[in-house]
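*Asks:* Residue numbers (the numbering used here): 1 to 150. Every residue, glycine too, gets a C-beta built ideally from N, C-alpha and C. Quick caveat: nothing in here was measured; it's all calculated off a predicted structure. Please see the structure below; I have some questions.
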Amino acid sequence: MTPAFLVRPARWAEDAAAIARVRRAVFITEQGVPEDLEWEAMDPDCLWFVAAEAATAPTGDLLGVCRLTPRGRVGRMAVLAPWRRQGLGSALLEAALAAARARGQSRVELSAQTRAVGFYARHGFVARGPEYDDAGIPHRTMILDWKDHP
């Protein structure tokens, strides 16, 4: 069966506005993250991965986004509500992890919303440390170390 979506590396100069629309819909509107906490100066320096409907890719509206920072942190994973639980988040995460491996990074970290810990654990991440608050949402630090999960 052909997937309903395609994941590709983003081109920041061309995709920044569409990435912002997904982040705004998920983090600011849906989850109530204050706008001043969502946008970061490092965004253009990150590797971004985006998903769009297969029928309209690469020019269609984005359905989900994920970034990999230069220091090997996965973050800003956001999937529009109608597209959740269809494998899109896993595909975005796998693209980011493949990029980290290609860069020679031996481990990847992320800050997982507590309700998403199980999702990341299924991809080999292990929770470390206590739960903490980030933008009013409970989070856990999670690490994937490839020496532990080849």
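Output the residue ranges of the beta strand (DSSP E) runs that lie fully inside the segment 58-114 and measure 3 residues or longer, sorted by chain position.
*Replies:* 62-68, 73-79, 107-113
*Asks:* Give the straight-line distance between the Cα atoms of V155 and V22, rounded to the nearest whole angstrom.
*Replies:* Since the first residue of the chain shown is 1 and the last is 150, residue 155 is not available in this structure.
*Asks:* Using the beta-carbon count (16 or more within 10 Å), is R67 buried or exposed?
*Replies:* buried
*Asks:* Exposed or buried, which one is A10 when buried takes at least 16 other CB atoms within 10 Å?
*Replies:* buried
*Asks:* Cutting at 7 Å between CB atoms, please list the residues of its own chain near A112, excluding the five before and the five after it.
*Replies:* Y120, H139, R140, M142
*Asks:* Below 8 Å on the Cβ atoms is my guess for G89 versus G124; work out the distance and round it to an integer in Å.
*Replies:* That pair is no contact at about 15 Å.
*Asks:* Going by C-alpha distance, which of T114, E40, D61, M42 is nearest V152?
*Replies:* The structure shown does not extend to residue 152, since the chain is modelled only from 1 to 150, so the question has no answer here.
*Asks:* Is E40 buried or exposed, if buried means 16 or more other CB atoms sit within 10 Å of its CB?
*Replies:* exposed
*Asks:* Between the C-alpha atoms of D146 and A102, what's the straight-line distance to the nearest angstrom?
*Replies:* The sequence as given places Trp at residue 146; Asp does not occur at that position. Taking the straight line from one Cα to the other gives about 12 Å.
*Asks:* Under a three-way DSSP split, which group does V7 fall into?
*Replies:* strand
*Asks:* Per DSSP, what kind of secondary structure is A54 in: helix, strand or coil?
*Replies:* Under the three-state reduction of DSSP output, A54 falls in the coil class, being neither helix nor strand.
*Asks:* Give the straight-line distance between the Cα atoms of E107 and R73, rounded to the nearest whole angstrom.
*Replies:* The residue asked about is misnamed: residue 107 is Arg in this sequence, not Glu. Looking at the two C-alpha atoms, the distance is approximately 9 Å.
*Asks:* Using a Cβ-Cβ cutoff of less than 6 Å, which residues in the same chain neighbour L20 once the five nearest sequence positions on both sides are dropped?
*Replies:* Checking the sequence shown, residue 20 turns out to be Ala, not Leu. Nothing meets the Cβ criterion.
*Asks:* When you compare only the Cα positions, how much space is there between G87 and A135?
*Replies:* G87 and A135: Cα-Cα distance of roughly 26 Å.
*Asks:* Determine the direct distance from the alpha carbon of E131 to that of T114, and round the result to whole angstroms.
*Replies:* Cα to Cα, the separation comes out at about 8 Å.
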